[in-house]
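Engineer: Let me begin by handing over the structure; questions about it come next.
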Amino acid sequence: MKKLLQSVAFVAAILSTAAQATSFATDTSDAWYNPNESGWGLTIAQQNDTLFAVLYLYGPGNQATWFVAPSMPFSGVTASGTTYTGTLYQTTGTPYTTLQFDPASVTRRAVGTATFTLTNLTTGTIAYSIDNVAVVKPVTRLTWLSNIMTGNFLGGRVGTYSGCPAGGDSGYREEPGTWAIQHDANGVQMTFAGAAASCTYAGPYAQGGHFGFVTGNFTCTNGTSGNFQAFEVNAQVTALSARLTSTAGNGCAYDGRIAGARRTP
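Going letter by letter, the sequence shown gives residues -21 to -1, 1 to 244 in mature numbering (1 follows the signal peptide of the UniProt record, and there is no 0).
The following block contains the structure:
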């Protein structure tokens, strides 16, 4: 019965963390900007395979203005990355000096198109046209504070081992277990306790938008050790999720996902 409950908790943890973001692809939701041109930017909210984007720019009179692309569905994968495209609009409406907003006063004018390409986890390009003026800019996720990963989580890891010296060690595995994570100014230490072994991953932490990244070394109680990368780390009040890759000293490589529901005290 105990093993059954652990398995149920493991599956529930994986599903709960996936539900916090898009299950279609890497979540593009964030504030984005160009660090060399601080002062303009865009925000993106992604649901399933479609983006809702708002561009914050300046008009011909140097006045702040914004444009909205309320529907940018997935349009393909190119050599540059994953691409989303939609119609760009400019709107007018009741001024903020009028206390009662009138929805009937809103007008919408299609001014061109907007295309967002996610080139890697933290960078992308925004290409837009406004009244026949075309612009292409590189952007990166805006970071102003680091998230804190500290906590205890019930879940596990799922992934594929390859290149292992003993052929039986390679292949896909689902490993229920617990994650104990400590995060302070010195970095992150993540300890996974599973049925086969306990492994500790430690390294410095970096933030890119709402994603975290940890790169360092790991050691396991079965004698395995090597280097690892945890990325797309998303620590929430309810759960933790991330992608994990590692390479052991014996050449055994791992590519998988980790997740867990946050345990209450």
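Glycine included, each C-beta is placed from N, C-alpha and C at the ideal position.
1) In whole angstroms, what is the alpha-carbon distance linking residue 28 and residue 52?
2) For residue 103, name the three-state secondary structure that DSSP assigns.
3) Does DSSP put residue 147 in a helix, in a strand, or in coil?
4) Short of 8 Å in beta carbon distance, which residues of its chain neighbour residue 45, apart from the five on each side in sequence? Order them along the chain.
5) What residues in its chain sit with their C-beta under 6 Å from that of residue 48, if we drop five residues either side in the sequence?
6) For the beta strand (DSSP E) holding residue 88, just list the boundary residues, first then last.
7) DSSP on residue 111, reduced to helix/strand/coil?
8) Give me, in chain order, the residues of the same chain whose beta-carbon lies closer than 8 Å to that of residue 241; leave out the 5 immediate sequence neighbours on both sides.
9) Buried or exposed for residue 105, please, with buried defined as at least 16 other CB atoms from any protein chain shown within 10 angstroms of its CB.
10) Let's test the definition: count the other Cβ atoms within 10 Å of the Cβ of residue 197 and tell me whether it reaches 16, buried, or not, exposed.
11) Report the start-end ranges of each beta strand (DSSP E) in the region 138 to 226 that is 3 residues or longer and not cut off at the edges.
12) Comparing C-alpha positions only, which one of 189, 210, 186, 187 sits nearest to residue 252?
13) Which residues in the same chain as residue 204 place their Cβ atom closer than 8 Å to its Cβ, once the five residues preceding and following it in sequence are excluded?
14) Kindly indicate which residue of 191, 151, 15 has the alpha-carbon position closest to the one of residue 231.
15) Look up residue 83 in the DSSP assignment and say whether it is helix, strand or coil.
16) Taking residue 83 as the reference, give the member of 73, 77, 89, 91 with the closest Cα.
17) Checking 8 Å against the spacing of the C-beta atoms, do residue 190 and residue 167 come in under that value?
18) Go ahead and pull the three-state DSSP assignment for residue 131.
Structural biologist: Reading off the structure:
1) The residue given as residue 28 occupies position 49 in the sequence shown. The residue given as residue 52 occupies position 73 in the sequence shown. Roughly 6 Å separates the two Cα atoms.
2) One-based indexing of the sequence shown puts residue 103 at position 124. Note: residue 103 maps to strand in three-state DSSP.
3) Looking up residue 147 in the sequence shown gives position 168. Reduced to three states, the DSSP call for residue 147 is helix.
4) Mapped onto the sequence shown, residue 45 falls at position 66. Same-chain partners within the cutoff: 33, 34, 35, 36.
5) Working through the sequence shown from its first residue, we reach residue 48 at position 69. Around residue 48: 32, 65, 67, 93.
6) Here residue 88 refers to the residue found at position 109 of the sequence shown. Judged by DSSP secondary structure, residue 88 falls within the beta strand (DSSP E) whose first and last residues are 86 to 97.
7) Taking the sequence shown and counting its residues from 1, one reaches residue 111 at position 132. Of the three classes helix, strand and coil, the one that applies to residue 111 here is coil, per DSSP.
8) In the sequence shown, residue 241 corresponds to position 262, counting from 1. Correct list, in chain order: 130, 131, 132, 215, 216, 217, 218, 219.
9) The residue you call residue 105 lines up with position 126 of the sequence shown. Its Cβ being crowded by 16 or more others within 10 Å, residue 105 is buried.
10) As a position in the sequence shown, residue 197 is number 218, starting the count at 1. Counting Cβ neighbours within 10 Å, residue 197 comes out buried, since at least 16 surround it.
11) 150 to 163, 166 to 173, 177 to 182, 184 to 187, 190 to 199, 204 to 214
12) As shown, the chain starts at -21 and ends at 244. That puts residue 252 outside it, with no answer to give.
13) As a first step, residue 204 must be located in the sequence shown, where it is residue number 225. So the qualifying residues of the chain are 196, 197, 198, 227, 228.
14) As a first step, residue 231 must be located in the sequence shown, where it is residue number 252. The shortest Cα separation from residue 231 among 191, 151, 15 belongs to 151.
15) The count along the sequence shown starts at 1 and reaches residue 83 at position 104. Helix.
16) Residue 83 sits at position 104 when you count from the first residue of the sequence shown. With distances taken between Cα atoms, residue 83 lies closest to 73.
17) By 1-based counting over the sequence shown, the position of residue 190 is 211. By 1-based counting over the sequence shown, the position of residue 167 is 188. The answer is no: Cβ separation not under 8 Å.
18) By 1-based counting over the sequence shown, the position of residue 131 is 152. Looking at residue 131 - three-state DSSP - the assignment turns out to be strand.
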